[in-house]
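Peer 1: In case it helps, this note's numbering puts the sequence shown at residues 13 to 269.
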Amino acid sequence: MKSLFKTTAIVSVSLVLFFACKEAPTLPFSALPTSATELFYLSHVDSLKNSISLGVPGKGSMKNGKIIPYSGVNFHYFSKASYLGGRAFVNHNLKELVLESYKDLYAQFPEQQFGIMECSKKEGGQISGHRTHRNGLSIDFMSPKMKENNPYYGLDNLGAAHYLLAFNNDGKLTVEPSIEIDFEMMGQHILALNKKAKQHHLRIKKVILKKELKDDLYKTKSGSIIKKKGIYITMNLPPRINEAHDDHYHIDFELTK
Ligand SMILES: [Zn+2]
Numbered sequence: 013m014k015s016l017f018k019t020t021a022i023v024s025v026s027l028v029l030f031f032a033c034k035e036a037p038t039l040p041f042s043a044l045p046t047s048a049t050e051l052f053y054l055s056h057v058d059s060l061k062n063s064i065s066l067g068v069p070g071k072g073s074m075k076n077g078k079i080i081p082y083s084g085v086n087f088h089y090f091s092k093a094s095y096l097g098g099r100a101f102v103n104h105n106l107k108e109l110v111l112e113s114y115k116d117l118y119a120q121f122p123e124q125q126f127g128i129m130e131c132s133k134k135e136g137g138q139i140s141g142h143r144t145h146r147n148g149l150s151i152d153f154m155s156p157k158m159k160e161n162n163p164y165y166g167l168d169n170l171g172a173a174h175y176l177l178a179f180n181n182d183g184k185l186t187v188e189p190s191i192e193i194d195f196e197m198m199g200q201h202i203l204a205l206n207k208k209a210k211q212h213h214l215r216i217k218k219v220i221l222k223k224e225l226k227d228d229l230y231k232t233k234s235g236s237i238i239k240k241k242g243i244y245i246t247m248n249l250p251p252r253i254n255e256a257h258d259d260h261y262h263i264d265f266e267l268t269k
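1) Using DSSP with H/G/I as helix, E/B as strand and the rest coil, what is Leu-170?
2) Can you round the beta-carbon distance between Asn-103 and Ser-65 to whole angstroms, since I take them to be within the 8 angstroms contact cut?
3) Under 8 angstroms: does the beta carbon of Thr-268 sit that close to some heavy atom of ligand 1?
4) Using the C-alpha atoms, what's the distance from Glu-196 back to Lys-240?
5) In this structure, how does DSSP classify Met-198 when only helix, strand and coil are distinguished?
6) Have a look at Asn-147, Lys-233, Gly-70 and Ser-63 and flag the residue whose alpha-carbon is nearest the alpha-carbon of Met-198.
7) Measure the beta-carbon distance from Lys-157 to Ser-190 and round it to whole angstroms, keeping in mind my assumption that it falls under 8 angstroms.
8) What is the C-beta distance between His-56 and Ser-150, in whole angstroms, given that I count them as a contact (C-beta under 8 angstroms)?
9) Where in the stretch 92-162 do unbroken runs of the beta strand (DSSP E), each at least 3 residues long, occur, reported from the N-terminal end onward?
10) Taking Thr-144 and Leu-214 to be in contact with their CB atoms under 8 angstroms, please state how far apart those CB atoms are, rounded to whole angstroms.
11) For the beta strand (DSSP E) that Phe-90 lies in, which residues bound it at each end?
12) Would you check if the distance between the CB atom of Phe-126 and the CB atom of Phe-179 is smaller than 9 angstroms?
13) If Asp-259 sits next to Tyr-175, beta carbons under 8 angstroms apart, how far is it from one beta carbon to the other, in whole angstroms?
14) Tell me the rounded alpha-carbon separation between Asn-62 and Gln-124.
15) In its own chain, which residues sit with a C-beta less than 8 angstroms from the C-beta of Lys-218, not counting the 5 before and 5 after it?
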């Protein structure tokens, strides 16, 4: 009887230990920062003070800029060097809007990935390669691409060289016309941003897209809604600026209060 009790006790203790060990809270490996970008994010992320955007995108600055995560379930920042160079900061309202728009897009298009390109520096001000992006309210978004009507991500990890990609006036990649801009998805992204902008005290001031690509966007279902809603897409741009806005579209936001 005594030995049966002992055996039962040992089995019970072992089972308790087994389950206790199994369910003991351990830090999952995924929670540990494993990359330079993740460490950079963690060392800059805060929600202590709201951002203050001063001036306008072309002449302004920012206080308490907030860093965009390097990646999420359906989006990624385009360049490690740019990210670590401190060029992925925005106003806190814009950060919330951008992240919410990706969540909404995930609910609608779970298979689709989006790319985010340069934003602003933490304190805003002049940022090389851009005339604007100075007050935390401008973002460059990577043009979504497709090949034979399927999403195509083969060029999304080029880093800064993505800015150099050239597309013809029908949105086809000059060097490989089977790769083209997915204007419907571009439009869906703009609509997602527009839909929640007001809730985040923002509005889309202007979208900069190469003027020859505007009709390609307007031809799509989402593009026709953009047109109907009167979301402003720039009409005339200096040639050099115009040419640059094919691999990406730039959006200037404005605070509503
Ligand atoms: Zn830009």
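Cβ atoms here follow ideal geometry from the backbone N, Cα and C, with glycine treated the same way.
Peer 2: Short version:
1) Taking the sequence shown and counting its residues from 1, the one referred to as residue 170 is at position 158. It is coil, neither helix nor strand.
2) Taking the first residue of the sequence shown as 1, we reach residue 103 at position 91. Taking the first residue of the sequence shown as 1, we reach residue 65 at position 53. Right, the Cβ-Cβ distance comes to about 5 angstroms (below 8 angstroms), so this counts as a contact.
3) Against the sequence shown, residue 268 aligns to sequence position 256. Result no, Cβ not under 8 angstroms from ligand 1.
4) Here the question's residue 240 lines up with position 228 in the sequence shown. Here the question's residue 196 lines up with position 184 in the sequence shown. Their Cα atoms are separated by approximately 15 angstroms.
5) As a working note, residue 198 is residue 186 in the sequence shown. Three-state result, Met-198: helix.
6) Position 186 of the sequence shown, counted from the start, is the residue given in the question as residue 198. It is Lys-233 whose Cα lies nearest to the Cα of Met-198.
7) Translated into the one-based positions of the sequence shown, residue 157 becomes position 145. Translated into the one-based positions of the sequence shown, residue 190 becomes position 178. No, Lys-157 and Ser-190 are not in contact; Cβ-Cβ is about 11 angstroms, not under 8 angstroms.
8) Locating residue 56 in the sequence shown gives position 44, where the first residue counts as 1. Locating residue 150 in the sequence shown gives position 138, where the first residue counts as 1. Between Ser-150 and His-56 the Cβ distance is about 19 angstroms, and since that is not below 8 angstroms, they are no contact.
9) 126-128, 150-154 and 157-159
10) What you label residue 144 is simply residue 132 of the sequence shown in a count that begins at 1. What you label residue 214 is simply residue 202 of the sequence shown in a count that begins at 1. Not quite, the Cβ-Cβ distance comes to about 16 angstroms (not below 8 angstroms), so this is no contact.
11) Locating residue 90 in the sequence shown gives position 78, where the first residue counts as 1. Looking at the DSSP string, Phe-90 is not in any beta strand (DSSP E), and its letter there is neither H nor E.
12) In the sequence shown, the residue the question calls residue 126 occupies position 114. In the sequence shown, the residue the question calls residue 179 occupies position 167. No, they are not a contact pair.
13) The residue given as residue 259 occupies position 247 in the sequence shown. The residue given as residue 175 occupies position 163 in the sequence shown. With 8 angstroms as the limit, Asp-259 and Tyr-175 qualify as a contact, their Cβ atoms being about 6 angstroms apart.
14) Counting from one through the sequence shown, the residue named residue 62 turns up at place 50. Counting from one through the sequence shown, the residue named residue 124 turns up at place 112. So the two alpha carbons sit approximately 31 angstroms from each other.
15) On the sequence shown, residue 218 is found 206 positions in, with the first residue counted as 1. Here the set comprises Tyr-244, Ile-245, Thr-246, Ile-263 and Asp-264.
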